[in-house]
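Q: Following this message is one structure expressed as structure tokens.
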Amino acid sequence: VDGQRINATTGGRPFDPSKPVVLFIHGAGFDRTCWTLQTRYFAHHGRAVLAVDLPGHGESEGAPLSTIEAMADWVSKLLDAAGVRQAAIVGHSMGAMIAVQTAARHPDRVRTLALCGVAAAMPVHPEMLESAKAGTAKVRELMTFWGVGRSLQLSGMSVPGLWLTRTALAILERNRPGVISNDLEACNAHKTLVEAGKSVKCPSLLVLGDGDLMTPARNAKALAEAIAGSRSEIIGDSGHFMMIERPDETLAALKTIV
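Structure below.
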């Protein structure tokens, strides 16, 4: 895409663009690995799956894109490169913002939307922005502390042997310099998500965690109202990373729209 190699996983099955396509987009500072459980299900149940590393993230080449709008336009180019006319888009956090803007800016490319851990706006605490810009560990610690649900900070994962707090920190720590700062600045600066939502015409679902401290469920109300006909589903006992914290419940919600 744009002359750079982009990495994506396909859920354990060869990618076939003739099938209904589902594109998964990760959040700020993360990568495709957050979708492992959901991608595998859909790839083995009649869907063609792409869980992408955004530019500069994970194993994708290039520099991270600086605005949500630029990321949305890039998604359309990604679909072209993959030979895909239209896809269901599942986005988490920053990825959900990208998904909304893609549907607003390129409506013919989006079949349905599933927006996980989303809010009408996503302002970022100044301490996080400052730490991200300086490249210190504090931003990674705050993203993990606020992102992981309280009941799962130490234990209780449905996946045996997975410690979510340490896993999240490890993913954040392997980011290239400037990537987390770029992503948080893009989220903080983006003020037009509700306006974009008014242009979304495809079926849409908001998947929200009842214990999400980063994007509390109540903060998604304006966006849900802006997207005509959208539905919202609250995942119980879940923080911001519902697709990892409560993978079965998140999958059940996604199956209704994807």
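In this note's numbering, the protein residues as written are 1454 to 1711.
For glycine and all other residues, C-beta sits at the position ideal for the given N, C-alpha and C.
Quick caveat: nothing in here was measured; it's all calculated off a predicted structure.
1) Which of helix, strand or coil does DSSP assign to R1684?
2) What is the DSSP secondary structure of T1565, counted as helix, strand or coil?
3) Go ahead and pull the three-state DSSP assignment for I1478.
4) Which residues mark the beginning and the end of the alpha helix (DSSP H) in which L1617 is found?
5) Please confirm whether V1543 and G1650 have their CB atoms less than 8 Å apart.
6) With DSSP as the reference, label V1660 as helix, strand or coil.
7) Which parts of the stretch 1515-1570 are runs of the alpha helix (DSSP H), unbroken and 4 residues or longer, counting only runs that do not cross its ends?
8) In angstroms, rounded to a whole number, what distance separates the CA positions of A1541 and V1711?
9) For V1505, write down the residues that DSSP places opposite it in a beta bridge.
10) For a test of the three-state rule: what should DSSP assign to K1674, helix, strand or coil?
11) Can you check whether the CB of V1502 is closer than 8 Å to the CB of I1459?
12) Classify I1710 as helix, strand or coil using the three-state DSSP reduction.
13) So, with DSSP's three-state summary, where would you put P1470?
14) The alpha helix (DSSP H) with C1640 in it runs from where to where?
15) Taking E1594 as part of the alpha helix (DSSP H), name the residues at either end of that continuous run.
16) Near K1638, what residues of its chain come up, given a Cβ to Cβ distance below 6 Å and the 5 sequence neighbours on each side ignored?
17) May I have the straight-line CA-CA distance separating T1489 from E1698, to the nearest angstrom?
A: Checking against the coordinates, here is how it stands:
1) If you number the sequence shown from 1, residue 1684 lands on position 231. Note: R1684 maps to strand in three-state DSSP.
2) For the purposes of this step, residue 1565 is taken as residue 112 along the sequence shown, with counting starting at 1. Note: T1565 maps to strand in three-state DSSP.
3) For the purposes of this step, residue 1478 is taken as the residue at position 25 of the sequence shown. Here I1478 sits in strand by DSSP.
4) What you label residue 1617 is simply residue 164 of the sequence shown in a count that begins at 1. Counting along the chain, the alpha helix (DSSP H) containing L1617 begins and ends at 1617-1626.
5) Translated into the one-based positions of the sequence shown, residue 1543 becomes position 90. Translated into the one-based positions of the sequence shown, residue 1650 becomes position 197. Contact: no.
6) Residue 1660 sits at position 207 when you count from the first residue of the sequence shown. It is a strand residue.
7) 1521-1534, 1547-1558
8) Counting from one through the sequence shown, the residue named residue 1541 turns up at place 88. Counting from one through the sequence shown, the residue named residue 1711 turns up at place 258. Rounded to the nearest angstrom, the two C-alpha atoms are 6 Å apart.
9) Within the sequence shown, the letter at position 52 stands for residue 1505. DSSP, once it has assigned bridges, lists A1461, I1478 as partnering V1505.
10) By 1-based counting over the sequence shown, the position of residue 1674 is 221. In the structure shown, K1674 sits in a helix (DSSP, three-state: H, G or I).
11) The count along the sequence shown starts at 1 and reaches residue 1459 at position 6. The count along the sequence shown starts at 1 and reaches residue 1502 at position 49. Cβ atoms of I1459 and V1502: not closer than 8 Å.
12) Position 257 of the sequence shown, counting from 1, holds the residue named residue 1710. Annotated three-state conformation of I1710 is coil, per DSSP.
13) The count along the sequence shown starts at 1 and reaches residue 1470 at position 17. Three-state DSSP puts P1470 in coil, outside helix and strand.
14) Along the sequence shown, read from residue 1 onward, the residue named residue 1640 stands at position 187. Note, C1640: alpha helix (DSSP H), 1632-1642.
15) Taking the sequence shown and counting its residues from 1, the one referred to as residue 1594 is at position 141. Element bounds for E1594: 1591-1600.
16) Along the sequence shown, read from residue 1 onward, the residue named residue 1638 stands at position 185. According to the sequence displayed, residue 1638 carries Glu and not Lys. Cβ within range, chain order: n/a, list empty.
17) The residue you call residue 1489 lines up with position 36 of the sequence shown. The residue you call residue 1698 lines up with position 245 of the sequence shown. Rounded to the nearest angstrom, the two C-alpha atoms are 12 Å apart.
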